[in-house]
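Heads up: the sequence shown runs through residues 1 to 165, numbered per full-length UniProt numbering.
All remarks here apply to the structure that follows.
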Amino acid sequence: MAQIYISLGSNIEREHHVKQGLLSLAEAFALPFEQLTLSALYESDPVGFEGAAFYNMVIGLTCSHSVEEVATILRNIEFAHGRALNAKKFSPRSLDLDLLLYDNLIIDSPAQLPRDEITTNAFVLWPLSEIAPNLEHPILTKTYRDLWQEYNKSSQQISIVANCW
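Encoded structure:
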């Protein structure tokens, strides 16, 4: 079984898509909802484009799927919730699911692992440090708690919001 961490984001009908994304993840990985490890829900401005604020969070779970299967599952969930096949990287999203970590795997394909944005975006690092504070980044060999403590928190505005599930 692999321990994986997934970031979830939405800035289109945010509450609806966060709820549906969580339910779809539980269903796709055949897990009761209660077996998902959920961070708090965060609100942050988009990075790389102008648009509505995002809701973001990180989900942890264990699965027996290969990294390729996980990448396909996440993509299919995004498409099922309105993501266009030709969606640009920096654009509004109904649902954005990114595989952040798959055990301690370090690869570039089918997904970059560990994902670079873990250390560059507060909306990924803060929720990850919340649910996996003692886990070490496989390249930097620092815990996510330590990485969050070292992070320049003035670089991105982020706040915790009430959960919507």
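Backbone N, C-alpha and C define an ideal beta-carbon position, used for all residues, glycine too.
Which residues does DSSP list as the beta-bridge partners of residue i?
i           : result
residue 136 : 143
residue 9   : 56, 96
residue 113 : 107
residue 102 : 4
Give every residue of the same chain whose Cβ lies closer than 8 Å to the Cβ of residue i, excluding the five residues on either side of it in the sequence, and list them in chain order.
i           : result
residue 26  : 32, 33, 35, 36
residue 125 : 118, 119, 144, 147, 148, 151
Could you check the C-alpha separation between residue i and residue j for me, to the nearest Å?
i           : j           : result
residue 19  : residue 56  : 12 Å
residue 145 : residue 94  : 29 Å
residue 67  : residue 111 : 8 Å
residue 117 : residue 81  : 23 Å
residue 97  : residue 135 : 21 Å
residue 103 : residue 16  : 30 Å
residue 9   : residue 92  : 10 Å
residue 99  : residue 38  : 15 Å
residue 51  : residue 131 : 28 Å
residue 21  : residue 133 : 24 Å
residue 14  : residue 127 : 17 Å
residue 113 : residue 5   : 11 Å
Run through DSSP, which three-state label would residue i get?
i           : result
residue 157 : coil
residue 2   : strand
residue 26  : helix
residue 162 : coil
Between which residues of its own chain and residue i is the CB-CB distance below 6 Å, once the five residues before and five after are set aside?
i           : result
residue 163 : 41
Which residues in the same chain as residue i place their Cβ atom closer than 7 Å to its Cβ, once the five residues preceding and following it in sequence are excluded?
i           : result
residue 44  : 53, 54, 56, 122, 123, 156, 157, 158
residue 62  : 1, 2, 3
residue 28  : 73, 77
residue 143 : 133, 134, 135, 136
residue 11  : 46, 51, 52, 53, 54, 92, 93
Measuring from the CB of residue i, is there a heavy atom of the ligand NAD at a distance below 7 Å?
i           : result
residue 146 : As presented, the structure is devoid of all ligands, the ligand NAD included, so that no description of it is given.
Pick out the complete beta strand (DSSP E) segments inside the region 28-86, 3 residues or longer, and give them in chain order. 41-44, 54-63
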